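Chain order of the listed sequences is A and R.
For the first sequence, the numbering used here begins at 121 and goes up steadily by one.
For the second sequence, the numbering used here begins at 121 and goes up steadily by one.
Even for Gly, the Cβ is constructed at its ideal location relative to N, Cα and C.
Just so we're clear, the structure is a prediction, and the values are computed from it rather than from any experiment.
Number of protein chains: 2
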Amino acid sequence: MAENFTSRAENYSQWYNDIVKKADLAENSAVRGCMVIKPYGYAIWEKMQHVLDGMFKETGHSNAYFPIFIPKSFLSREADHVEGFAKECAVVTHYRLKNDPNGGGVIVDPDAKLEEELIVRPTSETIIWSTYKNWIQSYRDLPVLCNQWANVVRWEMRTRLFLRTAEFLWQEGHTAHATAEEARNETATMLNVYADFAEKFMAMPVVRGVKSPNERFAGAIDTYCIEALMQDGKALQAGTSHFLGQNFAKAFDVQFLNKENKLEYVWATSWGVSTRLIGALIMTHSDDNGLVLPPKIAPLQVVIIPIYKNDEQRTAIGEKVDALMAKLKTKGITVKYDDDDSKRSGWKFNEYEVKGVPVRLAIGPRDLENNQAEVFRRDTLEKKVYNFDNLDEVIENLLVDIQDNLYQRSLKFRDANIRKADTWDEFLSILDNEGGFVYAHWDGTIETEEKIKELAKATIRCIPFDNPLEDGKCILTGSPSKQRVLFARAY
Amino acid sequence: MAENFTSRAENYSQWYNDIVKKADLAENSAVRGCMVIKPYGYAIWEKMQHVLDGMFKETGHSNAYFPIFIPKSFLSREADHVEGFAKECAVVTHYRLKNDPNGGGVIVDPDAKLEEELIVRPTSETIIWSTYKNWIQSYRDLPVLCNQWANVVRWEMRTRLFLRTAEFLWQEGHTAHATAEEARNETATMLNVYADFAEKFMAMPVVRGVKSPNERFAGAIDTYCIEALMQDGKALQAGTSHFLGQNFAKAFDVQFLNKENKLEYVWATSWGVSTRLIGALIMTHSDDNGLVLPPKIAPLQVVIIPIYKNDEQRTAIGEKVDALMAKLKTKGITVKYDDDDSKRSGWKFNEYEVKGVPVRLAIGPRDLENNQAEVFRRDTLEKKVYNFDNLDEVIENLLVDIQDNLYQRSLKFRDANIRKADTWDEFLSILDNEGGFVYAHWDGTIETEEKIKELAKATIRCIPFDNPLEDGKCILTGSPSKQRVLFARAY
Chain A
121 MAENFTSRAE
131 NYSQWYNDIV
141 KKADLAENSA
151 VRGCMVIKPY
161 GYAIWEKMQH
171 VLDGMFKETG
181 HSNAYFPIFI
191 PKSFLSREAD
201 HVEGFAKECA
211 VVTHYRLKND
221 PNGGGVIVDP
231 DAKLEEELIV
241 RPTSETIIWS
251 TYKNWIQSYR
261 DLPVLCNQWA
271 NVVRWEMRTR
281 LFLRTAEFLW
291 QEGHTAHATA
301 EEARNETATM
311 LNVYADFAEK
321 FMAMPVVRGV
331 KSPNERFAGA
341 IDTYCIEALM
351 QDGKALQAGT
361 SHFLGQNFAK
371 AFDVQFLNKE
381 NKLEYVWATS
391 WGVSTRLIGA
401 LIMTHSDDNG
411 LVLPPKIAPL
421 QVVIIPIYKN
431 DEQRTAIGEK
441 VDALMAKLKT
451 KGITVKYDDD
461 DSKRSGWKFN
471 EYEVKGVPVR
481 LAIGPRDLEN
491 NQAEVFRRDT
501 LEKKVYNFDN
511 LDEVIENLLV
521 DIQDNLYQRS
531 LKFRDANIRK
541 ADTWDEFLSI
551 LDNEGGFVYA
561 HWDGTIETEE
571 KIKELAKATI
581 RCIPFDNPLE
591 DGKCILTGSP
601 SKQRVLFARA
611 Y
Chain R
121 MAENFTSRAE
131 NYSQWYNDIV
141 KKADLAENSA
151 VRGCMVIKPY
161 GYAIWEKMQH
171 VLDGMFKETG
181 HSNAYFPIFI
191 PKSFLSREAD
201 HVEGFAKECA
211 VVTHYRLKND
221 PNGGGVIVDP
231 DAKLEEELIV
241 RPTSETIIWS
251 TYKNWIQSYR
261 DLPVLCNQWA
271 NVVRWEMRTR
281 LFLRTAEFLW
291 QEGHTAHATA
301 EEARNETATM
311 LNVYADFAEK
321 FMAMPVVRGV
331 KSPNERFAGA
341 IDTYCIEALM
351 QDGKALQAGT
361 SHFLGQNFAK
371 AFDVQFLNKE
381 NKLEYVWATS
391 WGVSTRLIGA
401 LIMTHSDDNG
411 LVLPPKIAPL
421 QVVIIPIYKN
431 DEQRTAIGEK
441 VDALMAKLKT
451 KGITVKYDDD
461 DSKRSGWKFN
471 EYEVKGVPVR
481 LAIGPRDLEN
491 NQAEVFRRDT
501 LEKKVYNFDN
511 LDEVIENLLV
521 DIQDNLYQRS
531 LKFRDANIRK
541 ADTWDEFLSI
551 LDNEGGFVYA
561 HWDGTIETEE
571 KIKELAKATI
581 RCIPFDNPLE
591 DGKCILTGSP
601 SKQRVLFARA
611 Y
């Protein structure tokens, strides 16, 4: 059906690029590593934002906005943080251009050098905690529960659309609490919000767990994460929630008077998801015909395509469809009637299939006569003819069914791709031949973690929250271990 | 009522700063010229975004996202554009920091110098038109109707919260068309969207018109604008919509095959409003007691405050209020019941007044007995007691009435402050003693426009769309003029 599409089996990476391009989601820009998110790709992001923003507000958070620039010295305040983030970043050194006296366009004005360089935010803990210092004096000012929707920049050398780009869009929550317990609860609450969003809206099953020390956020005491499995057997970190302890409060001297009237450092969390989720969405559900979208995230849920040979037929179909459109809209379903005369219906069939629209209706003159329509579901590629009369209910149920089917299908795939390895050879063999998550014993040291990463290109994705304790031996060193952890090669 | 508030008469500028601060809208950050938009201020922006975004989509536009960085050379491509925007901007010259070998934190790595400097976008015409080149080949690809919600940076030396900041948030629409006429229509359509938004939602009357050559957007053929009048008699440009002709298409070589199969340059528009609108909103309606918000833009429309002496009373009031809250929510009204026990009711009264909540209800034990509530409207500061039974309808009508009253009040003020001047002395005298818009003859030359600006600190705000032709003499030069134009001192 879909022409010019690389199949997953043939070249997975090219298949991904083809989908991003042919479904009109994004493209590379004139600026190295920065992407242009095209209208259809951005519409998916807007759907994600809308749902997530509602979930954040339901859990008591407000949006705010903090500066895009961070004074260079701020990054140095938290020792681990600077190690993680100060390296590859965009540095603003001047604030003016001037005409080239030699006529070569504009040049940087050497007289307009900043006293202190500014970094384009790679993440906002430092600028936000320098602000919170003014907001927090007493326990009465706590908790502070802010979220920010923003762009961030990390100077990545090897970029891939959505998955890893120099600039990306995200949200970052930054909260301040009076006790460690409250901050830990917040960290867990927000990870569960992410997991619910991934599973119930993106139809993408995730493992919830805690990161090993080596994979922690720079500046965090603990990083919780959700990990998803892509169709090529590689894992993808889909969201993180960090318990920051008092690290940033100490770095920016944010103290509060507690109920006993004693000064104490504030406890912090931060949590974020990004446009990377669009990459995860693509690789979880799509097939060799193009993008597949779960109905709850699809910008367009239903498309109706008339098949006609003359204006009379076209008008008759249009009239028939009107009432159905109205009923679907009443149900909150997004529907488009595409009777664009400049494009063939075959072209349209292909277009909406590549773009992953969950349900397509086709109606021709014979369908009109028989009071019926052909219904195509994108997830299974099945076509079926339905009577027109209660078609709105059929479609409503079908959308629920597609959402559920996509989740079950991904869950089945994910669960079939968690394997146990008890020896190093077994471990490598699974990674090389089957991929997926490998559940294996590890001796708990950073050295071993790094060595495994070096030798097998696999990392500890997480230690699942509900992990059972089990005596065993580290697959690399043979040292004793109390539990298996989840390894994978990852994006 | 409101303590520590500077009055408008006393010091208008300080009054503005007091409102921004005491209503918790925004504050200066650690980065010079960049603001932090606090949750309550950001909630106003979200209301604005929500309404505007709906209006953009209704007029056929989609959102997309383009890179924050612009290669330096792009700015030079359009001659006027570079003059207007290349001067004060944030320049990224390096992409890496490294540890200072002398132990002084982190320093810019001299080895990580960019081949070509990147500018943090002051506006996105150049990067977007470099992208449109790939999107547009034929008339079938037109029109392209994109909008972007984004942050932009202009290195302003003298900044004021919301009104003029180095970084601000805005939306920028960028459209591409096959004909000049279509692009001109788009420019007008979007200006009307802005005017409708200002008048119907912000309750802020605006003059619609076209800018004189000197006040045009850098790179535009024509700039249309909406101009509002603040309470101190200064004008404020609240939104602009530009007809860009083929300037950017030529600069980035964007041509299309028209229906006659001939290559032609594409026609362009761009249009934007920013967080500056929040400054305009403050200065249009607020009074010496604090912020005043029109109900359609207020994050919180109704607050209910219980007045009690014991838990029994508090519980009884809470129960009484429940049903009312439910009814108001059904009507789509945002309402909060503030029974926070740690704050006195007098403190709450003041707090919500300063924050401009349109309607406040107070309910005490005697009100309970009499089945009534005290209703306070923020716009007129009037209090009135209403029977509880149909209070939801009373409030619903009151919100409509407040919205209307704020608009009528501002319109009356604006109309009373448009004066005609026929001589230079009269012109100066009005500006110095009364302020407001001055409707005066001008000889149509840039030289005169600049001279007037220099001598009177007043600029041509616009030539109104419905401007009547009238023979007269320029107030400065005495040269013949065919129409009056609208002058003012402006923000």
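Assuming contact is defined by CB atoms lying nearer than 9 Å, are residue i and residue j in contact in what I supplied?
i                 : j                 : result
Val423 of chain R : Lys456 of chain R : yes
Cys154 of chain A : Glu347 of chain A : no
Leu596 of chain R : Lys571 of chain R : yes
Ser127 of chain R : Ser250 of chain A : no
Val558 of chain R : Ala578 of chain R : yes
Met168 of chain R : Met322 of chain R : yes
Ser599 of chain R : Asp563 of chain R : yes
Leu364 of chain A : Ser394 of chain A : no
Leu195 of chain R : Ile248 of chain R : no
Glu516 of chain R : Ile453 of chain R : yes
Ala576 of chain R : Gly556 of chain R : no
Phe508 of chain A : Asp487 of chain A : yes
Val156 of chain A : Phe372 of chain R : no
Ala560 of chain R : Lys540 of chain R : yes
Arg388 of chain A : Phe368 of chain A : Looking at the sequence shown, residue 388 of chain A is not Arg but Ala. For Ala388 of chain A and Phe368 of chain A, yes; Cβs fall inside 9 Å.
Arg609 of chain A : Lys354 of chain A : yes
Gln421 of chain A : Leu501 of chain A : no
Ala270 of chain A : Val151 of chain A : no
Assuming the contact rule is C-beta atoms closer than 8 Å, residue i and residue j should be a hit. Round their C-beta distance to whole Å, please.
i                 : j                 : result
Gly180 of chain R : Gly293 of chain R : At roughly 11 Å, the Cβ-Cβ gap does not stay under 8 Å, so Gly180 of chain R and Gly293 of chain R are not in contact.
Leu511 of chain A : Leu444 of chain A : 6 Å
Glu473 of chain R : Arg498 of chain R : 7 Å
Val326 of chain R : Ala303 of chain R : Not quite, the Cβ-Cβ distance comes to about 23 Å (not below 8 Å), so this is no contact.
Pro419 of chain R : Tyr160 of chain R : 7 Å
Cys209 of chain R : Leu217 of chain A : 7 Å
Tyr344 of chain A : Gln366 of chain A : That pair is no contact at about 18 Å.
Leu411 of chain A : Lys463 of chain A : The Cβ separation is near 19 Å, so there is no contact.
Leaving out five residues before and five after residue i in sequence, what residues of the same chain have Cβ atoms less than 7 Å from its Cβ?
i                 : result
Lys602 of chain A : Leu589 and Asp591
Asp635 of chain R : For residue 635 of chain R there is no data in the structure shown, the boundaries of chain R being 121 and 611.
Ala436 of chain A : Leu488
Grab me the residues of residue i's own chain with a C-beta within less than 6 Å of its C-beta, minus the 5 sequence neighbours each way, in chain order.
i                 : result
Met121 of chain R : Unreliable positioning characterises Met121 of chain R in this predicted model, as indicated by a pLDDT of 45, which lies under 50. A coordinate reading is not provided.
Arg284 of chain A : Glu276
Leu356 of chain R : Ala348, Met350, Ala400 and Tyr611
Leu448 of chain A : Val455 and Asp512
Ala232 of chain A : His214, Tyr215 and Arg216
Leu526 of chain R : Ala323, His405, Pro414 and Asp499
Gly329 of chain A : Cys582, Ile583, Pro584 and Phe585
Ile190 of chain A : Ile239, Arg241, Thr246 and Ile247
Less than 8 Å between C-beta atoms, sequence neighbours within five positions excluded: which residues of the same chain meet that for residue i?
i                 : result
Glu166 of chain R : Pro419
Gln257 of chain R : Phe376 and Leu377
Asp352 of chain A : Arg128, Tyr132, Met403 and Gly555
Given a limit of 9 Å on CB to CB distance, which residues of the stretch 284-297 of chain R reach chain A? Ala286, Glu287 and Leu289
If contact is defined by three or more beta carbon pairs under 8 Å, each pair taking one atom from either stretch, is the stretch 277-286 of chain A in contact with the stretch 181-194 of chain A? no
When you compare the stretch 411-423 of chain R with the stretch 463-483 of chain R, are there three or more beta-carbon pairs, one atom per stretch, that lie closer than 8 Å? yes
Mind the definition here: the stretch 136-147 of chain A touches the stretch 380-388 of chain A only if three or more C-beta pairs lie below 8 Å; say whether that holds. Taking a cut-off of 8 Å on C-beta distances, the stretch 136-147 of chain A does not touch the stretch 380-388 of chain A, as fewer than three cross pairs fall below it.
Could you tell me whether the stretch 191-204 of chain A touches the stretch 233-245 of chain A, using the rule of 3 or more Cβ pairs below 8 Å? yes
If contact means a Cβ-Cβ distance below 7 Å, which residues of the stretch 537-549 of chain R contact chain A? none
Along the stretch 187-199 of chain R, what residues have a CB closer than 7 Å to any CB found in chain A? Within the stretch 187-199 of chain R, the residues whose Cβ lies closer than 7 Å to some Cβ of chain A are Pro187, Ile188, Phe189, Pro191, Lys192, Ser193, Leu195 and Ser196, listed in chain order.
Anything in the stretch 237-253 of chain A with a Cβ closer than 8 Å to a Cβ of chain R? List those residues in chain order, please. Glu237, Leu238, Ile239, Val240, Ile247, Ser250 and Thr251
Give, in chain order, every residue of the stretch 154-171 of chain R whose Cβ lies closer than 9 Å to some Cβ of chain A. Cys154, Met155, Val156, Ile157, Lys158, Pro159, Tyr160, Gly161, Tyr162, Ala163, Trp165 and Glu166
In chain order, what residues of the stretch 269-281 of chain R put their CB closer than 8 Å to some CB of chain A? Ala270, Asn271, Val273 and Trp275
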